[in-house]
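Below is one structure, written out as structure tokens; the observations come after it.
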Amino acid sequence: MANGSLDDWLHQDKRLAGPDQGQRQHLTLIQRLNIAIDVTSALDYLHLNCGTPLVHRDIKPSNILLDDEFVAHVSEFGLAKFIQEATQSLSSSQNNKYGMGRESSTYGDVYSYGILLLELFTGKRPTDDVFTNGRCIHTFAKMAIPERVMEIVDPKLEKEWRPAGLLVNSTQLETPSLGFDYSLKEMAHWISDQSLNSEVVPT
1 MANGSLDDWL
11 HQDKRLAGPD
21 QGQRQHLTLI
31 QRLNIAIDVT
41 SALDYLHLNC
51 GTPLVHRDIK
61 PSNILLDDEF
71 VAHVSEFGLA
81 KFIQEATQSL
91 SSSQNNKYGM
101 GRESSTYGDV
111 YSYGILLLEL
121 FTGKRPTDDV
131 FTNGRCIHTF
141 AKMAIPERVM
151 EIVDPKLEKE
161 WRPAGLLVNS
171 TQLETPSLGF
181 DYSLKEMAHW
191 ISDQSLNSEV
201 VPT
């Protein structure tokens, strides 16, 4: 894919080519928000609109590819399972134990999507060195919301901190839902109204 993976942009040292060669670049807030919306749409299709529901089971930045217009595409379906296929391979007791019913199975993808959202807007990996002694990106964000939310927003978004903080504050940490894409789209429209630059920003 033309612009590599989301992981490349969040955690690797991307640099501009051409006249601005050597300058670092990062995704703006509006680009990150649009990527989140794209992934939501993909999961909505997999879970609800492709006949037999399909669970991806490996939603993470390295599996989100960006095309030349920074539209996000979910990739790497090596671990994916059709729900009917997955449930037939387990006994009823095992189904309950591993949560292989339709809602529980898709919920795993939705939870991973919630972690992806936090990674998008904090710039931290779930495996970051700051997460020790039982601390994780979920609790890291939860403890900061709402009073200290600006402390956890990705420093690369410094010029866009106010709307970024509002976005992280609005993230549903307890019960994420794919219906959240409606709120994301509303936020995208609001940010656009604030005249934020939607291009890649050199830093």
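With UniProt numbering applied, the sequence shown closes on residue 203, and no number is skipped along the way. Backbone N, C-alpha and C define an ideal beta-carbon position, used for all residues, glycine too. This one's a predicted model, so the numbers in the text were calculated from it and none came from an experiment.
Residue(s) in a DSSP beta bridge with residue i
{"i": "Leu54", "result": "Phe82"}
{"i": "Val74", "result": "Ile64"}
Collapsed DSSP secondary structure at residue i in the structure displayed
{"i": "Leu27", "result": "coil"}
{"i": "Ala2", "result": "coil"}
{"i": "Ile37", "result": "helix"}
{"i": "Val153", "result": "coil"}
{"i": "Val130", "result": "coil"}
{"i": "Glu158", "result": "helix"}
{"i": "Arg32", "result": "helix"}
{"i": "Leu120", "result": "helix"}
{"i": "Ile115", "result": "helix"}
{"i": "Thr106", "result": "helix"}
{"i": "His11", "result": "helix"}
{"i": "Ile59", "result": "coil"}
Inter-residue CB distance, residue i and residue j (contact presumed, cutoff 8 Å)
{"i": "Met150", "j": "Leu65", "result": "That pair is no contact at about 31 Å."}
{"i": "Ala80", "j": "Asp38", "result": "Contact doesn't hold; Cβ gap of about 18 Å is too wide."}
{"i": "Ala36", "j": "Leu120", "result": "6 Å"}
{"i": "Pro126", "j": "Ile137", "result": "5 Å"}
{"i": "Asn3", "j": "Asp68", "result": "7 Å"}
{"i": "Phe70", "j": "Gln25", "result": "No, Phe70 and Gln25 are not in contact; Cβ-Cβ is about 12 Å, not under 8 Å."}
Residue from the options whose Cα sits closest to the Cα of residue i
{"i": "Leu10", "options": "Glu160, Lys124, Asp68 and Lys159", "result": "Lys124"}
{"i": "Asp154", "options": "Asp8, Gly4, Leu27 and Asn3", "result": "Leu27"}
{"i": "Tyr113", "options": "Asp58, Gly4, Asn49 and Gln31", "result": "Asp58"}
{"i": "Tyr111", "options": "Gln12, Lys60 and Leu46", "result": "Lys60"}
{"i": "Ser75", "options": "Glu160, Leu6, Ile152 and Arg148", "result": "Leu6"}
{"i": "Phe82", "options": "Ser62, Asn63 and His47", "result": "His47"}
{"i": "Leu29", "options": "Leu118, Asp128 and Val130", "result": "Leu118"}
Short CB-CB distance (under 9 Å) between residue i and chain B
{"i": "Ser105", "result": "The structure shown has no chain B; it contains just one protein chain."}
Contact between the region 50-60 and the region 127-143: three or more CB pairs below 8 Å?
-> No, the region 50-60 is not in contact with the region 127-143.
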